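Residue numbers (the numbering used here), protein chains in the order written: chain A, 1 to 372; chain B, 10001 to 11077.
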């Protein structure tokens, strides 16, 4: 008989299911993700630090875990919520089951719950704090715990997921006539970003979140990439400072997700928390310059308030579902960023052109600094 | 980009008759397309030869041509209408092929017509295998290795290079017709020959075998700005080697990692832009090697398809509607998502359930068969569940093939099992269950079947649960677990040795009830406004029952099958419209993804559910409607009616007693006796002795069939004791207590169909249809004409009197269909059915009066006197100043070895209509529309049974007078010669060469008249009919059609044919045609 598990939300919602990962107790902000494939990428995405992720697609684990699709060195999320977990996966690349993977990494998970009912609850009420446990099956005590979970706002989560020391990424590096060197600020970087850089012929040096601008400049980068990462950008003040200084030195900068928000703050803007965020792989984003739509992967709870930015900063991309800003660029500085994930993983590859655009920007800056 | 204003008038091409490979999905897509473009203000001209479609209703398009889908008729329409553009991508392969043919004749240049949706170049790149291959290779993608051949020696050479087995594909054909798999040289010879014959361009592709690989489909859309979305991914449970239409398929793809899936998506994007799909939907098929992951492109369809209909129903994304809008210039980001009404259509649906489609085979007609690359299924059921296990079980019971879910009864030994598992067949999935129960290793089953181990493990979980369910005490938790796996009460009751009703009562006591969730395109991320629902067993549902007081549930007709096709879906849709037009809320329950009835905006609410008593009752318990409509969905809802009635459900329209009085032979006999209406002498037999005695008393030939059958299943005409005993033996094998109806067979009688509406006081006779074929040919397979062309006024008067008397006596409220036979001036009743018949759409189109809507109004309590003008009611049937002829379309070409002749058992899959000033013209059009144009000159081969010889003389003389050469074998030749009719003699098979079959093969015959002997048909007759069929030479198999054909030939030789929209025909009527009441 499988162990019972309980998921309790701060609004009093109680979901009873079966334990399907590690046993124990965990807490965090409950969010949902609507991707139908790519649960492995979700599990290993550092941006999910301190969150309990519910997958809206009901059958998870069908192809198991592969050797090549991890997005970081380990899973960072607090817990995992699914309708049904597959224990006998099938795929030619599969190396282990999700169940095994979760146990190996000590991630508690619950299955057998009505994930659609949970999603509708989160849609209507916004992200909610929650506790998942296989030990405490008393809804009242669980509810108390849920209400004690700290809010995401104001927490510097990037510091918890960034690398301890700088490292290099050369896997899959494409040989090119004009090799480039990119310093990547690791606020919780996904390997997918590093793979995309490598595919563009960019050698990457990944540095911890608290690295100063001077230390970065000492690495002589052709450009700096501000990575994705978890939670609220505002407490990550040290990074905002570094970004300001790098931008002043006209270093080409490309920001992704949390990196986009930090760039927004560095350029003088403000951010705010969305009701339940964007967490899926099917969001249409319109690029204003080309009038073309790309289907994007998204995972963020905070957003840059465009109105708060100086007039030199323009919106480049807009989310067609809710009209929120999805990208910005500076008219005088070689910096730009997007709120969504151009590396996708998981998700469609429509936005990978942005890495090429970053490469071109770096080449232009390198070869004709006056024009840039 | 906004819509185009340089075009005002668009011609849309429909897909013609329902055939295997082209079902009612094109009525669904065409209807969506017409509605979408009309809403944009375009004037729409439609051409479609199929009257049983919603799209040909006169209020949909502005000008509706029910004319043959041939370049000749298309030109007539272009000349008359002068549209600026034509939209061929909503009408399946038929519309694309017609467009290519018309373009080759230069019609679009001549009439300055632009092709929307797909450029000619795109169609060619997608359809011509050689061009397709070149296109795909150019963009660096992988395909199975292949070689195009045009004759047998090339084929042998190619096969040596590719290795056996080798896939044979004919270019430009539908549903894989003419294709197959050749495992050795002999098969290659045969299959290449067939494929060459089937291909209109005489090209055949031999391809490296990817049998056993995983099969995937992507449904994608692209607009003129290169915006691209994947609407849905589909994974086939059956691996490559089985046509996707015959596979169990699942959406979304279940066993691909995100990277694997996205790479496939990237390739799809490259393909559509290389092929040039710029404004519309497209279906792309891939095969993936299960061990290496090598992925190859199989094919693309640059148009909406069966799969796109499935994808639309599976996701809530209306592909055809959006495709139509893209075709007139919109881009995806400019169109709103219909389901959420808040987000744009430029997105990729995310679903939070699993969709399974199961094919429905006509095994009851054509036996069990092996599946291959040529599609053989006649319909499909789709189901939605939260897991694959749940949706599969729902889909299987939705098929109405007797199974309550994933069931196997009986036992098979290991050897038989291994054999059955290795060959894909119409019942292989059930054999997988047998194998699992047998304890066979899932890995071994996966290896033998080529079905991915993931699916086998899912099936194993169902088998394991059954064991648990049999052993554990019945608790609410156990029941809930069972229901969450999709088990029906019927299955569960059987596992516990209980009665289904008893089990359902227990489940209700335990409060284990379904919750109803929404299909919302976005997995709950946004609020959805469209009530498209499915049942599952979860914590909570998404929606409350609607608060309307006046609401009715319509039960649909389930998967298409022979005998129950699009005609019934047409009626259900009309009923839904009528309810809404009368201020009622309409709620539809159906599980057929091809249909208009399962479009989310046809009814106020849509429940996508199997049509079983349990599933229907749960919806009814939830919604508590004022009533349920059962008379439009064919036999499916009718089979549920009495159980629903017993459960206290209010049936709208004719009550159960009326249905019983008509269906129960004894009760019906008593009614007719009372009304003094003659019937052919008849009786019921339960064993051979009784049968012999009865048949001898009545006198041979007799018509024999089991009681309560659909589509004339197992109905036969027997001529002597031997045939009778042979029939009895087969019947006893099927059932230990057969109950057989034996009727006197009225040979050479004229058969008639009557459709009428009764409100309890008055009867409106909408149409009397005279069959072209004599009584004994199933009415569904018979051509028929309205008004009747040979009946005397006295006979018509008698028929009307009997119809009125029966409708009133049976207390019909709504529709009734009665079949009559007239022999030697006497009128007999054959049967009566108080429900919508197959001919309702045909009669509606012919008369301009929507019968199903009229019947619905009556069922809601309105009176015919208030609905129709007094004159129309009094003088019914309405007199028509023109003639409409319906012709049946047969699926014989798909079933090698089947004798293509008509009989009392229905075999047709669809119908077409010809409409013109008189009977011969409308008959000629109906023949042309069914794919056989009557010749105006040439050689006619004649071979008839003795009974027909007298009739033959008139026919032969007429043909000679028109200049035809008559060809006959010795007997017929001598017979004609004796009567002074000149002909050429040809050898019978075995008499020497060239024989008659050689003549057919040389295509030196333009018409074949071959009436099989009623007793035992001879082998050479079979060879003649089969060869003619395969070479598409018109072959008439009964003497009555032959007379009609000769008349028609006489007329078409003299006059040129014209095309006219039904709206113009209706203007000639002595009354006003209406679109609603």
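Every residue gets a Cβ at the ideal spot worked out from N, C-alpha and C, and that includes glycine. Being a predicted model, the structure only gives us computed values, none of them experimental.
Return the chain-ordered list of same chain residues with a C-beta closer than 6 Å to the C-beta of residue 10120(B), the five sequence neighbours on each side being excluded. Result list for residue 10120(B): 10103, in chain order.
So what does DSSP say about residue 10427(B), is it helix, strand or coil? coil
Distance between residue 10697(B) and residue 10690(B) (C-alpha atoms, nearest Å): 11 Å
With 9 Å set as the bound, which would you pick, yes or no: does the beta-carbon of residue 48(A) sit closer than that to a beta-carbon of chain B? no
Who are the Cβ neighbours of residue 10981(B) in its own chain at under 8 Å, not counting the five residues just before and after it? 10953, 10956, 10957, 10960 and 10966
Which runs of the beta strand (DSSP E) at least 3 residues long sit entirely within the stretch 241 to 269 of chain A? Give them in chain order. 253 to 256
So which of 328(A), 274(A), 268(A) and 124(A) has the shortest CA-CA distance to residue 322(A)? 274(A)
Would you mind working out which of 10974(B), 10979(B) and 10900(B) sits nearest residue 11011(B), comparing C-alpha positions? 10900(B)
Pick from 10749(B), 10861(B), 10836(B) and 10763(B): whose alpha carbon is nearest that of residue 10829(B)? Residue 10829(B) has its Cα closest to that of 10749(B), out of 10749(B), 10861(B), 10836(B) and 10763(B).
Starting from the beta carbon of residue 344(A), find every residue of chain B whose beta carbon is closer than 9 Å, and list them in chain order. 10258 and 10262
List the whole-angstrom C-beta distance separating residue 314(A) from residue 325(A), where the pair is believed to meet the contact cut-off of C-beta under 8 Å. Rounded, the Cβ-Cβ distance is 10 Å, inconsistent with contact.
Interface partners of residue 320(A) on chain B, CB under 9 Å: Counting only Cβ-Cβ distances below 9 Å, residue 320(A) has contacts in chain B at 10333, 10343, 10344, 10346 and 10347, in chain order.
Note down, in chain order, every chain B residue with its Cβ under 7 Å from the Cβ of residue 295(A). 10229, 10347 and 10348
For residue 9946(B) and residue 10744(B), what's the separation of their Cα atoms in angstroms? Shown here, chain B extends from 10001 to 11077; a query on residue 9946(B) therefore has no answer.
Rounded separation between residue 11008(B) and residue 11034(B) - CA only: 6 Å
Can you confirm whether residue 36(A), when its beta carbon is compared against all beta carbons of chain B, has any partner nearer than 9 Å? yes
So the beta strand (DSSP E) residue 10471(B) belongs to, where does it begin and stop? Residue 10471(B) -> not in any beta strand (DSSP E); alpha helix (DSSP H) instead, spanning 10453 to 10471.
Spatial distance of residue 10221(B) from residue 10264(B) (CA atoms): 15 Å
In whole angstroms, what is the alpha-carbon distance linking residue 10703(B) and residue 10805(B)? 26 Å
From the DSSP secondary-structure annotation, give me the bridge partner or partners of residue 10588(B). 10554(B) and 10606(B)
Does the beta carbon of residue 291(A) come closer than 9 Å to any beta carbon on chain B? yes
Would you say residue 123(A) lies against chain B (beta-carbon separation less than 9 Å)? Yes, because at least one Cβ of chain B sits closer than 9 Å to the Cβ of residue 123(A).
I'd like the list of long-range same chain contacts for residue 10184(B), defined as Cβ closer than 7 Å, with 5 residues on each side in sequence excluded. 10164
Using a Cβ-Cβ cut-off of less than 8 Å, give me the residues of the stretch 10537 to 10559 of chain B that come near chain A, in sequence order. 10538, 10539, 10540 and 10542
9 Å Cβ cutoff, residue 430(A) in contact with chain B: Residue 430(A) is absent from the model: chain A starts at 1 and stops at 372.
Residue 10066(B) and residue 10845(B) closer than 9 Å at C-beta: yes
Looking at the unbroken beta strand (DSSP E) that takes in residue 9945(B), where does it start and where does it end? Absent from the structure is residue 9945(B), since the part of chain B shown begins at 10001 and ends at 11077.
Return the residue from the list 10399(B), 10020(B), 10548(B) and 10515(B) that minimises the CA-CA distance to residue 10534(B). Considering only alpha carbons, the answer is 10515(B).
Counting C-beta neighbours from all protein chains within 10 Å, is the total for residue 167(A) 16 or more, i.e. buried, or is it exposed? Residue 167(A) should be labelled exposed.
Using only the alpha-carbon positions, how far apart do residue 10205(B) and residue 10050(B) sit? 32 Å
Does the distance from the C-beta atom of residue 102(A) to that of residue 58(A) stay below 9 Å? no
Cβ neighbours of residue 10387(B) in the same chain (closer than 7 Å, five flanking residues each side left out): 10354
Nearest CA to the CA of residue 99(A): which residue from 80(A), 93(A) and 115(A)? 80(A)
Closest residue to residue 10683(B) among 10813(B), 10669(B), 10675(B) and 10008(B) (Cα-Cα distance): 10669(B)
Answer with buried or exposed for residue 10393(B), where buried requires no fewer than 16 other C-beta atoms within 10 angstroms of its C-beta. buried
On the CB-based measure, 16 or more other CB atoms within 10 Å of its CB, does residue 10406(B) come out buried or exposed? It counts as buried.
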